[in-house]
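Q:
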Amino acid sequence: MPDIRSLLFGDREDEWIRKRETENIIIGYGYKKFSKPPIIGKNPLIRSNTVIYNDVTIGDNLRTGHNVLIREKTTIGDDVLVGTNTVIEGHSRIGDNVSIQSNVYLPKKSYIEDNVFIGPCACFTNDRYPVRVKYKLKGPIIREGASIGANTTFLSGVEVGEGAIIAAGAVVTRNVPPWSLAIGAPAKIKALPKKLRVPNRI
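FYI, in the working numbering the residues of the sequence shown are 1309 to 1510.
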C-alpha cells in the first residue's frame, strides 16, 4: 500500500524536495486543501528556525528572534516584535506596536491589544483545571498599553486593564483594573504611582 508521500507527490517527490533543500527548511505533509498560506506584510525580519503556520495573518514590520512558533488562526498587527523561543498558540490576536520578549508562552485564545509590552519568560495559561475536569479554554486579555514584567504567571481568563503594570515575578490569579499595579505571589492590587501613569514607550 503506498504511503501518503507517494500519493501526494508520486515519482516527483525526490525532485520536489531537492528543489527546496537549499531553503534550509523541513518539508512536511501538505494540507493545502484545508488551509491558506500565511499572509505576511511588508518589511518582515524573520530569524532562523521561526515556524509560522498556515491561516496566519501578520501586518507590516514583523520582527522575530530565533525559534519562534506562531500557530494557526492567529492575527498579528503592524510593528510587532516576537522574541526568541516565544510560542504563540493558535486562534489568538495581537494588536499593533506590541513588544513580546524572549521565552514568552501565549496559549490558544490569547487577546493582546495595541502598545503592550510583555517581558521575558511571562507564562499565560488558558485552562484553570488542567486534565482534571471539563473546562472551556479562556486565554488572557491584555488591554492597550499594559506592561507585563519578567517571569510572571497568569491563571486562565485573567484580564489586565489598560495601562496596568504587572511587576516581575507576580502570580496573577484575578483581573487587574486599568492603571493599577499587580505585585507579589499571589498578586495584590495596588495604586499605580503617578510617575508610571504614562503610555508605554515601545
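Just so you know, even glycine gets a beta-carbon here, dropped at the ideal spot from N, CA and C. As the structure is a prediction and not an experimental result, all values here were calculated from the model.
1) Can you round the beta-carbon distance between E1380 and G1398 to whole angstroms, since I take them to be within the 8 Å contact cut?
2) How close, in whole Å, do the beta carbons of A1454 and V1468 come, if the pair is a contact with beta carbons under 8 Å?
3) Could you tell me the alpha carbon to alpha carbon distance between L1370 and N1351, rounded to whole angstroms?
4) As a quick exercise: from A1472, L1389 and S1400, pick the residue whose alpha carbon is nearest that of G1447.
5) Would you kindly work out how many angstroms separate the C-alpha atoms of T1358 and H1374, rounded to a whole number?
6) With respect to the beta strand (DSSP E) encompassing A1490, which residues constitute its N-terminal and C-terminal limits?
7) Give the DSSP-derived three-state secondary structure of L1389 in the structure shown.
8) Given this structure, state the Cα-to-Cα distance separating V1484 from I1497, to the nearest angstrom.
9) Give the straight-line distance between the Cα atoms of S1488 and D1386, rounded to the nearest whole angstrom.
10) Compare the C-alpha of T1517 against each of T1372, I1354 and T1382 and name the closest.
A: Let's see:
1) 4 Å
2) 5 Å
3) 7 Å
4) S1400
5) 6 Å
6) S1488 to I1491
7) In the structure shown, the three-state DSSP call for L1389 is strand.
8) Computed Cα separation, rounded: 7 Å.
9) 27 Å
10) In this structure the chain extends from 1309 to 1510, so residue 1517 is not present and cannot be described.
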